[in-house]
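Below is one structure; the comments refer to it alone.
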Amino acid sequence: MKETIELSILLTAEPKTIYEAWLNSELHTEMTGGEAQCSSIEGESFSTWDGYITGANIKLNEYREIEQTWRTSEFSETDEDSHLIIRFDTHKNGTELVLIHTNIPEGQTQYIQGWKEFYFEPMTAYFKDKSE
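Numbered as in the working numbering, the sequence shown ends at 132 without a single skipped number.
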């Protein structure tokens, strides 16, 4: 059975700022600390964390939601791509980022910790520094 992850975090930046950072190679690299090649165009591919993560933009709802295919180098060749939705909800203190990651290969629940350690923690620090 495929795995699903749902996580959220409150960040001290506007949805537009976070959305743009997610889709910009230089800003994504700064935001996470891992080398990224990103695109803000639907249908184009991306690579993050030094090539560990790859995928493509499926649908971009400007400043509100990003939908992507997503896979890591730990997926087998026969594994389907997983599916990622990142939602940016306005909050009085910034943005609530809601992450819904589905179709993850069975047994690969380590991505829960990965999202927290390699995205949420560095993003919290990055946007906190930007807001001060």
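All residues carry an ideal CB built from backbone N, CA and C; glycine is no exception.
This structure is a prediction, so every number in the text was calculated from the model and none was measured.
With fewer than 16 other Cβ atoms from the protein chains shown falling within 10 Å of its own Cβ, GLY107 counts as exposed. Considered as a whole, the segment 36-69 harbours 45-48 and 53-61 as its complete beta strand (DSSP E) runs of no fewer than 3 residues, in chain order.
Taking C-beta separations shorter than 6 Å and ignoring five residues to either side along the sequence, the partners of ASP89 in its chain run GLU96, following chain order. Around the Cβ of LEU11, a 10 Å sphere holds 16 or more other Cβ atoms; the residue is buried. The beta carbon of THR29 sits closer than 6 Å to those of GLU35 and ALA36, all from its chain and outside the five residues before and after it, given in chain order. Taking the Cα positions, ILE100 is about 7 Å away from LEU7.
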